[in-house]
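Worksheet: one structure, shown below.
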Amino acid sequence: METEKMTIAKALKFSRHDFLNELQLILLNIDLGKWPEAKNALLSATDKMQQVSKLEKLRMPATELWISTFDWVHTVFSKTLHCDIIVGKRLADDEKVAQMLEQAVSDITRAVDPFHEYMMEIQVNATESEWEIRLNLKGPIIDKRPTEKIEGNFAIHESIDSEQWTFMVSGR
29 METEKMTIAK
39 ALKFSRHDFL
49 NELQLILLNI
59 DLGKWPEAKN
69 ALLSATDKMQ
79 QVSKLEKLRM
89 PATELWISTF
99 DWVHTVFSKT
109 LHCDIIVGKR
119 LADDEKVAQM
129 LEQAVSDITR
139 AVDPFHEYMM
149 EIQVNATESE
159 WEIRLNLKGP
169 IIDKRPTEKI
179 EGNFAIHESI
189 DSEQWTFMVS
199 GR
């Protein structure tokens, strides 16, 4: 799939659409008297919003935007996001990190089975002095070779087996 440039207007449109879908699911469960399901849908929606909100602490705006808009640009995958971030000064070239993440996902998109459902798990961890972004995809991977390199002031590590792809970028 060819990715397109995400504009602010498109991001807001997708965000509103997702939010309305979440509200409709909650309302449906309330209308059906399914209170535990409604509560779980509400908790799930608020957790997703909290995780995206935590990205601001990363202080890497291009990378934050890439992660926030991932599931709207890369519709082949569903996404889960977990952030554990402490504010700190990041030395990495933010634009370059976002480009490397985009390239990695574009590459893996060509190596997945189009008839299989994939969930992309994105884990963002950062201390005051170090940060790490890990992408983990479970499912059949077709003909992809791992890479490992140091790019400027961040490192890239990729591992692949027939059923799992992990891509990690880290730096200071």
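The sequence shown begins at 29 in our numbering and counts up by one.
Glycine included, C-beta positions come from ideal geometry on N, C-alpha and C.
Inset, instruction - Tell me the start and end of each unbroken alpha helix (DSSP H) in the region 120 to 152 that is at least 4 residues and wholly inside, in chain order. - result: Whole alpha helix (DSSP H) segments, 4+ residues: 122 to 137.
Inset, instruction - Please state whether DSSP places L163 in a helix, a strand or coil. - result: Secondary structure at L163: strand, using DSSP grouped into helix, strand and coil.
Legend entry - Distance between V197 and M88 (C-alpha atoms, nearest Å): Approximately 13 Å, taken between the alpha carbons.
Legend entry - Per DSSP, cross-strand counterpart(s) of W193: W193 pairs with L165 and I188.
Inset, instruction - Measure the Cβ-Cβ separation of K85 and V115 and say whether it is below 8 Å. - result: Note that the C-beta distance between K85 and V115 is below 8 Å.
Inset, instruction - Within the same chain, show all residues whose beta-carbon is closer than 6 Å to that of L208, passing over the 5 residues directly before and after it, in chain order. - result: Summary: the structure shown does not reach residue 208, with the chain confined to residues 29 through 200, and so no result is reported for it.
Legend entry - Whole alpha helix (DSSP H) elements within the region 86 to 120, 4-residue minimum: Secondary structure within the region 86 to 120: the alpha helix (DSSP H) runs of 4 or more consecutive residues, fully enclosed, are 89 to 96 and 98 to 101 (chain order).
Legend entry - Pair within 8 Å by beta-carbon distance, M148 and I184: Taking a C-beta distance under 8 Å as the contact criterion, M148 and I184 do not qualify as a contact pair.
Inset, instruction - Might you give, ordered along the chain, the residues of its own chain that have their beta carbon closer than 6 Å to the beta carbon of F158, omitting 5 neighbours on each side? - result: Looking at the sequence itself, residue 158 is Glu, so the reference to Phe does not match. For E158, same chain residues with a beta-carbon under 6 Å away, outside a window of 5 residues either side, are R200 in chain order.
Legend entry - Endpoints, beta strand (DSSP E) assigned at K177: Counting along the chain, the unbroken beta strand (DSSP E) around K177 starts and ends at E176 to E179.
Legend entry - Burial state of F47 (16 or more Cβ within 10 Å): Counting other Cβ atoms within 10 Å of its Cβ, F47 stays below 16 and is therefore classed as exposed.
Inset, instruction - Could you give the DSSP three-state label for S157: helix, strand or coil? - result: For S157, the three-state secondary structure derived from DSSP is coil.
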